[in-house]
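Chemist: Here our numbering is used: the first residue of the sequence shown is 37, the next is one more, and so on.
Don't be surprised by glycine CBs; every beta carbon is placed ideally from N, CA and C.
Just so it is clear, the structure is predicted and the values come from calculations on it, not from any experiment.
First the structure, which I've put down as C-alpha coordinates, then a few questions once you've had a look.
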Amino acid sequence: MSSIYSRTTIGGTTFDLLCSADSVPNYACDAVIDLRREHGLAKAKEKLTNLVRDNISSLEIGTDRQVEKFYIGKTSVQRNRRSRRFDPMEYQTWRKKGISSRWGEHKHKPYGRDGLVVLGVVNRDAIPRRCRVDQELYALALEQQLLHHFMIEDPDDRIA
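Set out below in C-alpha coordinates:
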(Lines of atoms letter the chains of each structure in order from A and count residues from 1; the text may use other names and numbers.)
(Lines give C-alpha, C1' and ligand atoms only; values in the text may rest on other atoms or scores of the structure.)
Protein backbone atom coordinates (compact mmCIF):
# COMPACT_ATOMS: atom_id res chain seq x y z
CA MET A 1 0.00 0.00 0.00
CA SER A 2 1.45 3.36 -0.92
CA SER A 3 0.82 6.55 0.99
CA ILE A 4 0.35 10.02 -0.38
CA TYR A 5 2.17 12.68 1.62
CA SER A 6 2.32 16.35 0.85
CA ARG A 7 2.58 19.56 2.83
CA THR A 8 -1.20 19.43 3.20
CA THR A 9 -1.35 15.89 4.58
CA ILE A 10 1.45 16.60 7.05
CA GLY A 11 0.01 19.86 8.38
CA GLY A 12 -3.71 19.34 8.04
CA THR A 13 -6.22 20.59 5.52
CA THR A 14 -9.42 22.59 5.40
CA PHE A 15 -12.80 21.03 6.11
CA ASP A 16 -13.96 21.96 2.60
CA LEU A 17 -11.04 20.07 1.05
CA LEU A 18 -11.68 17.10 3.33
CA CYS A 19 -15.24 17.06 1.98
CA SER A 20 -14.17 17.07 -1.66
CA ALA A 21 -14.46 13.98 -3.83
CA ASP A 22 -10.72 13.80 -4.47
CA SER A 23 -9.61 14.36 -0.87
CA VAL A 24 -6.82 12.35 0.73
CA PRO A 25 -7.01 11.19 4.36
CA ASN A 26 -6.16 14.12 6.61
CA TYR A 27 -7.29 16.20 9.57
CA ALA A 28 -9.09 19.56 9.57
CA CYS A 29 -9.04 22.24 12.26
CA ASP A 30 -10.79 25.13 10.56
CA ALA A 31 -14.45 24.30 11.28
CA VAL A 32 -14.54 24.71 15.06
CA ILE A 33 -17.44 26.23 16.94
CA ASP A 34 -17.12 28.84 19.66
CA LEU A 35 -17.55 27.18 23.02
CA ARG A 36 -16.54 30.26 25.03
CA ARG A 37 -19.98 31.79 25.03
CA GLU A 38 -21.88 28.72 26.10
CA HIS A 39 -23.70 28.70 29.40
CA GLY A 40 -23.26 25.14 30.48
CA LEU A 41 -22.55 21.64 29.41
CA ALA A 42 -26.02 20.94 27.99
CA LYS A 43 -25.92 23.85 25.51
CA ALA A 44 -22.34 23.01 24.46
CA LYS A 45 -23.37 19.37 23.94
CA GLU A 46 -26.33 20.43 21.82
CA LYS A 47 -24.16 22.59 19.57
CA LEU A 48 -21.53 19.86 19.25
CA THR A 49 -24.04 17.09 18.42
CA ASN A 50 -25.53 19.32 15.72
CA LEU A 51 -22.05 20.01 14.38
CA VAL A 52 -21.25 16.27 14.24
CA ARG A 53 -24.45 15.63 12.25
CA ASP A 54 -23.74 18.56 9.92
CA ASN A 55 -20.15 17.42 9.40
CA ILE A 56 -21.21 13.86 8.58
CA SER A 57 -23.78 15.16 6.11
CA SER A 58 -21.23 17.49 4.47
CA LEU A 59 -18.67 14.68 4.21
CA GLU A 60 -21.19 12.29 2.65
CA ILE A 61 -22.45 14.84 0.14
CA GLY A 62 -19.00 16.18 -0.76
CA THR A 63 -17.22 12.85 -1.13
CA ASP A 64 -20.22 10.93 -2.48
CA ARG A 65 -19.48 8.19 0.07
CA GLN A 66 -21.22 7.06 3.23
CA VAL A 67 -19.60 7.63 6.61
CA GLU A 68 -19.37 4.09 7.94
CA LYS A 69 -17.98 4.89 11.39
CA PHE A 70 -17.15 7.93 13.44
CA TYR A 71 -15.34 8.39 16.70
CA ILE A 72 -15.52 10.99 19.45
CA GLY A 73 -12.30 11.79 21.27
CA LYS A 74 -10.26 14.55 22.81
CA THR A 75 -6.66 15.67 22.75
CA SER A 76 -4.71 18.72 23.81
CA VAL A 77 -3.47 21.81 21.98
CA GLN A 78 -1.13 24.51 23.22
CA ARG A 79 -0.30 27.99 21.99
CA ASN A 80 1.82 28.13 18.89
CA ARG A 81 5.18 29.63 19.89
CA ARG A 82 4.97 32.07 16.96
CA SER A 83 1.61 33.44 18.16
CA ARG A 84 1.36 36.17 20.75
CA ARG A 85 -1.88 34.76 22.10
CA PHE A 86 -3.90 31.55 22.04
CA ASP A 87 -7.26 31.88 20.32
CA PRO A 88 -9.51 28.78 20.35
CA MET A 89 -11.21 29.99 17.15
CA GLU A 90 -7.97 30.49 15.17
CA TYR A 91 -6.15 27.21 14.52
CA GLN A 92 -3.07 29.11 13.36
CA THR A 93 -2.50 30.11 17.01
CA TRP A 94 -2.36 26.45 18.13
CA ARG A 95 0.44 23.95 18.25
CA LYS A 96 -1.30 20.97 16.67
CA LYS A 97 1.05 18.30 18.01
CA GLY A 98 -1.74 16.61 19.98
CA ILE A 99 -4.07 16.63 16.97
CA SER A 100 -1.50 15.32 14.51
CA SER A 101 -0.44 12.69 17.05
CA ARG A 102 -4.06 11.54 17.49
CA TRP A 103 -4.47 11.49 13.70
CA GLY A 104 -1.24 9.51 13.30
CA GLU A 105 -2.49 6.87 15.74
CA HIS A 106 -5.51 6.16 13.57
CA LYS A 107 -4.67 6.72 9.93
CA HIS A 108 -2.28 3.75 9.66
CA LYS A 109 -4.41 1.14 11.45
CA PRO A 110 -5.79 -1.72 9.34
CA TYR A 111 -9.30 -0.30 9.41
CA GLY A 112 -7.91 3.14 8.53
CA ARG A 113 -9.52 6.55 8.71
CA ASP A 114 -10.37 9.06 6.03
CA GLY A 115 -10.31 12.12 8.25
CA LEU A 116 -10.29 13.74 11.65
CA VAL A 117 -12.31 16.90 12.27
CA VAL A 118 -11.68 19.17 15.26
CA LEU A 119 -15.05 20.32 16.63
CA GLY A 120 -13.96 22.85 19.23
CA VAL A 121 -11.33 23.89 21.72
CA VAL A 122 -11.96 24.09 25.44
CA ASN A 123 -9.99 26.68 27.36
CA ARG A 124 -10.74 28.39 30.66
CA ASP A 125 -13.15 30.79 28.93
CA ALA A 126 -15.34 27.84 27.86
CA ILE A 127 -15.98 26.69 31.41
CA PRO A 128 -18.98 28.21 33.19
CA ARG A 129 -17.94 30.13 36.30
CA ARG A 130 -19.99 27.90 38.56
CA CYS A 131 -17.95 24.84 37.53
CA ARG A 132 -14.94 24.03 39.66
CA VAL A 133 -12.99 22.00 37.09
CA ASP A 134 -10.08 22.69 34.78
CA GLN A 135 -10.26 22.54 31.00
CA GLU A 136 -9.07 18.91 30.91
CA LEU A 137 -11.98 17.71 33.06
CA TYR A 138 -14.48 19.92 31.24
CA ALA A 139 -13.31 18.54 27.87
CA LEU A 140 -13.62 15.02 29.27
CA ALA A 141 -17.18 15.80 30.42
CA LEU A 142 -18.06 17.10 26.93
CA GLU A 143 -16.56 13.99 25.34
CA GLN A 144 -18.62 11.77 27.63
CA GLN A 145 -21.78 13.78 26.93
CA LEU A 146 -21.28 13.32 23.17
CA LEU A 147 -20.62 9.61 23.54
CA HIS A 148 -23.71 9.24 25.74
CA HIS A 149 -25.80 11.11 23.20
CA PHE A 150 -24.74 9.05 20.16
CA MET A 151 -24.77 5.73 22.03
CA ILE A 152 -27.82 6.04 24.30
CA GLU A 153 -30.00 9.15 23.81
CA ASP A 154 -30.08 9.14 20.01
CA PRO A 155 -28.22 5.96 19.03
CA ASP A 156 -26.20 6.03 15.84
CA ASP A 157 -24.89 2.61 14.76
CA ARG A 158 -21.87 4.23 13.15
CA ILE A 159 -20.32 5.40 16.43
CA ALA A 160 -17.37 3.27 17.42
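What I want to know is whether the C-beta of I97 ends up closer than 7 Å to one or more non-hydrogen atoms of the ligand NAP.
Modeler: As for the ligand NAP, it is missing from this structure, which has no ligand bound.
Chemist: Using a Cβ-Cβ cut-off of 8 Å (strictly less than) and excluding sequence neighbours within five positions of N159, which residues of its own chain qualify?
Modeler: Result list for N159: R72, F122, P124, Q171, in chain order.
Chemist: Please classify H185: is it buried, with 16 or more other beta-carbons within 10 angstroms of its beta-carbon, or exposed?
Modeler: Result: buried.
Chemist: Mark K132 as exposed unless 16 or more other C-beta atoms lie within 10 angstroms of its C-beta, in which case mark it buried.
Modeler: Counting Cβ neighbours within 10 Å, K132 comes out buried, since at least 16 surround it.
Chemist: Strictly by DSSP, which residues pair up with F186?
Modeler: Paired residues: none, contrary to the question.
Chemist: Per DSSP, which one or two residues make a beta bridge with V153?
Modeler: DSSP lists A64 as partners of V153.
Chemist: Taking the straight line between their C-alpha atoms, what separation do you get for E96 and S137?
Modeler: Going from the Cα of E96 to the Cα of S137 covers about 25 Å.
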